[in-house]
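Residue 136 in UniProt numbering sits at position 136 of the sequence shown, with consecutive numbering throughout.
We put the beta carbon where it would ideally sit given N, CA and C, even for glycine.
Structure first, then comments.
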Amino acid sequence: MFEDVLVVAVGFAFYDCSAVALLAPSAPCTACVSSPWGCHWCPRSHCCITGGSCPTGEVTIYNQNVPLPRLRCVLEVGRGLVEVEASPGGPYRLQCGPHAYDFGASAPQLRAPVYVTVGERWHLDTPSGLHVMLYDCSVGRPDCSRCRAASPALGCQWCPPGCQHHRLCPPGGAPPSCPAPFIHQVHPLSGPPEGGLLLTIAGSDLGQRFEDVAGTVRVAGRPCLPDPARYRLAAQIVCQVPPAEGGVSGPVEVAVGDQPPGVSIQHFTYQDPQLWELHPRIGPVAGGTQVTVTGEELATGPDVAVFLGDLPCSLVEPPAPGTLVCLTTGGTLGEAPLRVQFGKVLRHLTGGGGFHYAPNPNITWAWPRSSFCGGGRIIQAAV
1 MFEDVLVVAV GFAFYDCSAV ALLAPSAPCT ACVSSPWGCH WCPRSHCCIT
51 GGSCPTGEVT IYNQNVPLPR LRCVLEVGRG LVEVEASPGG PYRLQCGPHA
101 YDFGASAPQL RAPVYVTVGE RWHLDTPSGL HVMLYDCSVG RPDCSRCRAA
151 SPALGCQWCP PGCQHHRLCP PGGAPPSCPA PFIHQVHPLS GPPEGGLLLT
201 IAGSDLGQRF EDVAGTVRVA GRPCLPDPAR YRLAAQIVCQ VPPAEGGVSG
251 PVEVAVGDQP PGVSIQHFTY QDPQLWELHP RIGPVAGGTQ VTVTGEELAT
301 GPDVAVFLGD LPCSLVEPPA PGTLVCLTTG GTLGEAPLRV QFGKVLRHLT
351 GGGGFHYAPN PNITWAWPRS SFCGGGRIIQ AAV
């Protein structure tokens with residue numbers, strides 16, 4: 001009669017305190033005592049129990065100076081673990097012993113999680129996110145300027161021939177100032193007399209900040225204005241070349257502080273490109289004609305572009321001092337003036353003129369209309 005009547009429903013929670021600690025390997029004690037089931041932590045046995053008292057037993061000690069449990073700092077370096085002996089450094093401090101870490105990284109710093117173990121297997125509670133920062137002063141700091149620009153908290157010091165921690169540098173091994181700038185490469189090596197070209201200077205010890213080189217760069221004896229947005233600490237300067245007369249040539253100089261300026265082996269030359277001739281001067285409107293532009297100093301600057309009217313003529317080989325070879329694109333019937341752009345500077349064909357787009361060829365007749373399978377017949381066509 002009462003088979004389908006529900007009198008009461010109660011939820012039962014089944015729990016195991018020893019399993020609670022396993023849910024948080026980095027903080028088993030915290031997980032145990034903060035659980036909602038009244039679990040208790042036993043510090044000596046390092047276990048989480050259900051009852052209110054930890055297991056006890058009678059212990060008889062016959063020797064003196066009982067050693068403390070072994071303490072170790074464990075760091076997760078890359079995919080491996082590094083264990084270092086630890087010792088109390090005070091009532092609330094634990095000091096990890098010295099160790100040379102080799103994390104094999106190309107980055108100057110590596111974030112390594114750390115925790116402490118007691119005995120052979122006990123893991124002390126570790127706050128979430130606890131880590132140490134491992135770093136190598138020499139990585140990413142190949143010269144004095146980049147070494148000295150490192151954060152003071154790292155303690156890096158330039159100790160020739162490299163950058164290292166100041167404790168590793170012998171007394172008197174650190175020079176009072178960085179050496180003079182050294183220029184490894186300059187690009188490009190030529191530009192038009194109008195200037196405006198962006199010149200890239202690569203080297204070492206090119207200043208510890210942009211202000212060190214803001215007004216000390218010269219190209220062929222003329223000031224070159226550096227761009228702060230393109231400056232790379234100690235390694236690269238990009239400046240805008242000033243105008244000069246064609247034919248002027250000279251090295252690039254960079255000065256930092258009281259040091260003598262660094263002088264490049266390569267020279268920058270001002271060249272005045274001239275366009276003399278265009279061949280052929282006629283081709284189909286569909287494009288595809290290979291055109292050769294002759295002149296002088298046509299390999300000026302890093303960016304050379306050829307245009308027929310407003311249409312690009314794609315270069316098919318690198319610019320040579322006397323020739324530019326390009327392939328026409330489809331255009332419109334009529335004359336298209338030739339112009340060549342050297343960076344921001346334009347040059348036109350001497351005497352004017354350009355390329356003439358003619359109607360596409362139309363084949364009206366061909367003979368013979370058949371041939372042997374082996375081929376070899378001469379076919380005549382009329383347009």
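**OP:** Note the first and the last residue of the continuous beta strand (DSSP E) segment covering residue 116.
**Re:** Working through the sequence shown from its first residue, we reach residue 116 at position 116. Where residue 116 is concerned, the enclosing beta strand (DSSP E) stretches over 109-118.
Original post:
Mind checking if residue 202 is an interface residue toward chain D, Cβ cutoff 8 Å exclusive?
Top reply: Within the model displayed, chain D is absent; a lone protein chain is all it includes.
Subject >> 8 Å Cβ cutoff met for residue 432 and residue 224 >> reply: This structure does not reach residue 432, given that the chain is present from 1 up to 383, and the question cannot be answered.
Subject >> Among 53, 284, 126, nearest to residue 356 - alpha-carbon criterion >> reply: Counting from 1 along the sequence shown, the entry for residue 356 is found at position 356. That would be 284, whose Cα lies nearest to the Cα of residue 356.
Original post:
What residues in its chain sit with their C-beta under 6 Å from that of residue 137, if we drop five residues either side in the sequence?
Top reply: One-based indexing of the sequence shown puts residue 137 at position 137. Taken in chain order, the residues that qualify are 156, 163, 164, 165.
Original post:
From this set, 300, 286, 71, which residue's C-alpha is nearest residue 271's C-alpha?
Top reply: Taking the sequence shown and counting its residues from 1, the one referred to as residue 271 is at position 271. The residue with the shortest Cα to Cα distance from residue 271 is 300.
**OP:** With distances taken Cα to Cα, identify the nearest neighbour of residue 239 among 248, 269, 196.
**Re:** Position 239 of the sequence shown holds residue 239. Taking only the C-alpha atoms, the option nearest residue 239 is 196.
Original post:
Using the C-alpha atoms, what's the distance from residue 134 back to residue 101?
Top reply: To locate residue 101, count along the sequence shown from 1; it is residue 101. To locate residue 134, count along the sequence shown from 1; it is residue 134. Straight-line Cα distance between these residues: approximately 8 Å.
**OP:** Give the straight-line distance between the Cα atoms of residue 79 and residue 44, rounded to the nearest whole angstrom.
**Re:** Reading the sequence shown from its first residue, position 79 is the one you call residue 79. Reading the sequence shown from its first residue, position 44 is the one you call residue 44. Each residue's alpha carbon lies about 31 Å from the other.
Original post:
My guess is that residue 205 and residue 176 are in contact by the Cβ rule of under 8 Å, so how many angstroms apart are they, rounded?
Top reply: As a working note, residue 205 is residue 205 in the sequence shown. As a working note, residue 176 is residue 176 in the sequence shown. In fact, because the Cβ distance is near 14 Å, the residues do not count as touching under 8 Å.
Original post:
With which residues is residue 95 paired in a DSSP beta bridge?
Top reply: Locating residue 95 in the sequence shown gives position 95, counting from the first residue. In the DSSP output, where bridge partners are listed per residue, residue 95 has 87.
Original post:
Three or more C-beta pairs closer than 8 Å, one from the region 258-268 and one from the region 309-322: is that the case here?
Top reply: no
**OP:** Tell me, to the nearest whole angstrom, how far the beta carbon of residue 252 is from that of residue 186; I am working on the premise that it is less than 8 Å.
**Re:** For the purposes of this step, residue 252 is identified with residue 252 of the sequence shown, where counting begins at 1. For the purposes of this step, residue 186 is identified with residue 186 of the sequence shown, where counting begins at 1. Indeed, because the Cβ distance is near 5 Å, the residues count as touching under 8 Å.
Subject >> Close beta carbons around residue 365, own chain, < 8 Å, minus the five adjacent residues each side >> reply: Position 365 of the sequence shown holds residue 365. For residue 365, where only same-chain residues beyond five positions count, the Cβ hits under 8 Å are 381, 382.
Original post:
Just reading off the alpha helix (DSSP H) that residue 32 is part of, what are its end residues?
Top reply: As a first step, residue 32 must be located in the sequence shown, where it is residue number 32. Unbroken alpha helix (DSSP H) run through residue 32: 28-33.
Original post:
Which one or two residues does DSSP pair with residue 40 in a beta bridge?
Top reply: Taking the first residue of the sequence shown as position 1, residue 40 is located at position 40. Paired residues: 49.
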